[in-house]
Amino acid sequence: MSRPDSPGTVALVILIAIGGALGANARYLVGTVVSGLGGTFVANVLGCFSLGLLVYGTQRTDLIAERAKLLLGTGFLSSFTTYSTFALETAQSEPVIGVGYVVASYAVGFTAVLAGRSTALRITPDPSAAGRTGECDA
């Protein structure tokens with residue numbers, strides 16, 4: 016494991032910070048198009064789908080480098096999605112709206128992760144199929 020002040024670690028922190036800055040700006044842009052609860056909902060659902068796609072896609076292929084995963088997952092998507100705003104906006108809502116928002120956010124968020132996973136499984140090669148030709152050995 017590298018030391019916290021090693022050049023490799025510093026470069027990774029800078030890479031994550033760049034991803035975070037891009038994600039925060041993308042989140043701001045979503046908020047300018049869809050404000051309030053709706054904007055947070057859209058950002059979080061898009062982030063859930065994207066993280067599902069990234070995580071499950073990278074489990075099946077090595078096309079995305081570890082640094083790119085940090086840039087996109089830890090940096091961009093962590094800034095793009097926002098639990099603190101979700102919690103604050105829920106607390107500021109009328110109780111019935113808040114409860115509905117929480118239920119919808121979790122249900123649609125989990126569904127989005129599964130949709131990202133499903134998409135990743137469809138578009139990435141199956142590593143267990145390597146070498147198989149589809150013919151029977153008889």
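First residue of the sequence shown: 16, per the numbering used here; consecutive thereafter. Every residue, glycine too, gets a C-beta built ideally from N, C-alpha and C.
Exercise for the section: Reducing DSSP to helix, strand and coil, say where Thr97 ends up. Expected result: Translated into positions along the sequence shown, residue 97 becomes position 82. Residue state for Thr97 is assigned as coil, using DSSP reduced to three classes.
Problem - Residue from Val25, Gly46, Gly67 and Ser21 with nearest C-alpha to Val128 - result: Within the sequence shown, the letter at position 113 stands for residue 128. Per the Cα distances, Gly67.
Exercise for the section: Indicate whether the contact test is met: 3 or more Cβ pairs, each with one atom in the stretch 88–96 and one in the stretch 25–38, closer than 8 Å. Expected result: Touching, yes, given that three or more Cβ pairs across the two stretches are closer than 8 Å.
Practice task
Examine the Cβ distances between the stretch 131–140 and the stretch 69–78 and report whether three or more of them are shorter than 8 Å.
Solution key: Taking a cut-off of 8 Å on C-beta distances, the stretch 131–140 touches the stretch 69–78, as three or more cross pairs fall below it.
Practice task
Go ahead and pull the three-state DSSP assignment for Ala80.
Solution key: Here residue 80 is taken as the residue at index 65 of the sequence shown, counted from 1. Three-state DSSP puts Ala80 in coil, outside helix and strand.
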